[in-house]
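Engineer: Read in full-length UniProt numbering, the sequence shown has 35 at position 35, and its numbers run on one by one without any break. Have a look at this one.
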Amino acid sequence: MSININVVNESGETRGATWEEDQTLLDALLANQFPVLATCGGNASCATCHAYIDPEHFEASGERTEAEEDLLDMVDDVANEYSRLSCQTEYAEGLDGATVTLKPGM
Ligand code: FES
1 MSININVVNE SGETRGATWE EDQTLLDALL ANQFPVLATC GGNASCATCH AYIDPEHFEA
61 SGERTEAEED LLDMVDDVAN EYSRLSCQTE YAEGLDGATV TLKPGM
């Protein structure tokens, strides 16, 4: 199974991406050649994988982890109510058609 999302890069350009069921959002972004640094290797401790999920789909992205909440608090210059760490965002069919906007923190 896979879903399709739209990804807005830091230059404001939008490109489609495929997200496979066994991938986190970070995995999907990297597999689709988006230049996400992911400095901490997906351990919720760098925020370089920070992204916004569009309001219509945000709920489908699930609950933030505690570590994710803590880190998002530390990058409150970019984080908002629609923020997720892509490394902590699991695949969900409800995210099909979502728009993900890349906005690295730190
Ligand atoms: S890759 Fe570092 S917080 Fe997600």
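Idealized CB from N, CA, C, for every residue including glycine. These figures come from a predicted structure and were not determined experimentally.
Under the criterion of a Cβ to heavy atom distance below 7 Å, does Asn-4 qualify as lining ligand 1?
Structural biologist: No, the Cβ of Asn-4 stays beyond 7 Å of every heavy atom of ligand 1.
Engineer: In chain order, what are the residues with a CB under 7 Å from some non-hydrogen atom of ligand 1?
Structural biologist: For ligand 1, the selected residues are Leu-26, Ala-38, Thr-39, Cys-40, Gly-41, Gly-42, Asn-43, Ala-44, Ser-45, Cys-46, Ala-47, Thr-48, Cys-49, Leu-71, Leu-85, Ser-86, Cys-87, Gln-88.
Engineer: Determine which residues share a DSSP beta bridge with Arg-84 and list them.
Structural biologist: In the DSSP output, where bridge partners are listed per residue, Arg-84 has Ala-51.
Engineer: Tell me which residue opens and which closes the beta strand (DSSP E) that Leu-102 is part of.
Structural biologist: That run of the beta strand (DSSP E) goes 99 to 102.
Engineer: If the criterion is Cβ atoms closer than 8 Å, does the pair Trp-19 and Ser-45 meet it?
Structural biologist: Cβ atoms of Trp-19 and Ser-45: not closer than 8 Å.
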